[in-house]
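Here the structure is laid out as structure tokens; the discussion comes afterwards.
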Amino acid sequence: LLASYPFSKFLRLDGTLVARHTRDHRLRSGAERDLDLVSHYLSLVHDNSRWSPYGPASGSRWAAIAGYTRDLTSGEGSYGTAQFDARRYQKVAPQVVSATRVNGQASFGPDAPRFYLGGYRALRGFDRRTLSGTRTVLVQQEFRAPLLRGLVVAIPAPWELPTLNVAAWADVAWAWDRDDGSFYVPAAGDAVDGGGYVGGGGWQERHLGSAGFGVFLGGGYFPALRWDFAWRTSDFRTFTEKPRTRFWIGF
Numbered sequence: 047l048l049a050s051y052p053f054s055k056f057l058r059l060d061g062t063l064v065a066r067h068t069r070d071h072r073l074r075s076g077a078e079r080d081l082d083l084v085s086h087y088l089s090l091v092h093d094n095s096r097w098s099p100y101g102p103a104s105g106s107r108w109a110a111i112a113g114y115t116r117d118l119t120s121g122e123g124s125y126g127t128a129q130f131d132a133r134r135y136q137k138v139a140p141q142v143v144s145a146t147r148v149n150g151q152a153s154f155g156p157d158a159p160r161f162y163l164g165g166y167r168a169l170r171g172f173d174r175r176t177l178s179g180t181r182t183v184l185v186q187q188e189f190r191a192p193l194l195r196g197l198v199v200a201i202p203a204p205w206e207l208p209t210l211n212v213a214a215w216a217d218v219a220w221a222w223d224r225d226d227g228s229f230y231v232p233a234a235g236d237a238v239d240g241g242g243y244v245g246g247g248g249w250q251e252r253h254l255g256s257a258g259f260g261v262f263l264g265g266g267y268f269p270a271l272r273w274d275f276a277w278r279t280s281d282f283r284t285f286t287e288k289p290r291t292r293f294w295i296g297f
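Numbers given in my numbering equal positions in the sequence shown, counted from 1, plus 46.
Rendered as structure tokens:
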């Protein structure tokens, strides 16, 4: 069930109720159970961003989400979550757009799930699920600008190519989990040693970061074809000598 109440053109409150039955659900303890689960979520969503043909150019978007899942069978599978994602866009020069993103996630309860960071949208330069924990924070900063515009192919007929854009960016991420040594599995052949580590108080903390640049065609209302070059770090001071590259298509 889904209900939505708009406070204004830019702000709304969403409520969600989901009931489901799971078979062989694996709990954090490692045991497998058949469970009946009911989830409730409340979301406060704001969006007044303004878009250009190359993507968001001004304004902000954010969402605050809180939820609780109750295990009606035994209580072992109950957990709660809190998530926040905020993005801010502004022009810092006539042709340059600054895009900032802050994301935080936390879970609690007997069966608190892990959140995962990594991949081209969350910690670029690293594989998916490189970092995981019941608490995560991700900060991303990017500057975008057009590089080449108005190129025309004359044969067999005049056709103007899409604008070629360039972006410079940096990502930093932290993940926390209970100090059981099991929540981080580095990718095979990863040269960044599994990330920086801080332990204490019954918790593990790991952090990773990357910085680089990308070139892309399209964006905005159309899919973007993008090639990123990422230099990775585990201590925020030294970076890998060679960049890791990734080509992707998306919005």
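Yeah, the Cβ is synthetic: ideal placement off N, Cα and C, and Gly gets one too.
Item	Value
Chain-order list of residues whose beta-carbon lies under 6 angstroms from that of S106 (same chain, five-residue window excluded)	R134
T115: CB within 7 angstroms of a non-hydrogen atom of the ligand PLP	Here there are no bound small molecules, and the ligand PLP is not part of this structure.
Cutoff 6 angstroms; reference R79; Cβ partners in own chain excluding five residues on either side	H71
Beta-carbon proximity of R292 to Y166, cut-off 8 angstroms	yes
N211 burial status per 10 Å Cβ neighbour count (16 or more: buried)	buried
Candidates Q250, D131, F56, D274: closest to S95 by CA position	F56
Distance between S256 and R170 (C-alpha atoms, nearest Å)	7 angstroms
Burial state of V143 (16 or more Cβ within 10 Å)	buried
Coarse secondary structure for A270, derived from DSSP in three states	strand
Whole-Å CB distance - R181 paired with W222, under 8 angstroms assumed	4 angstroms
Nearest-angstrom Cα separation, counted from P52 out to V218	34 angstroms
Closest Cα partner of H253 within the set P192, G179, S89, A158	G179
Unbroken stretches of the beta strand (DSSP E), 3 residues or longer, contained in the stretch 49–74	57–72
CB of A168 within 8 angstroms of CB of E188, strictly	no
Alpha carbon of V185 to alpha carbon of R278, nearest angstrom	15 angstroms
Reduced DSSP secondary structure (H/G/I, E/B, other) of E287	coil
Under the three-state DSSP convention, the category E78 falls into	strand
Cα-Cα separation, G164 to W220	11 angstroms
Residue closest to D267, alpha-carbon to alpha-carbon, out of S54, T286, N149, S98	Checking the sequence, you will find Tyr at residue 267 rather than Asp. Checking every option, the nearest Cα to that of Y267 belongs to S98.
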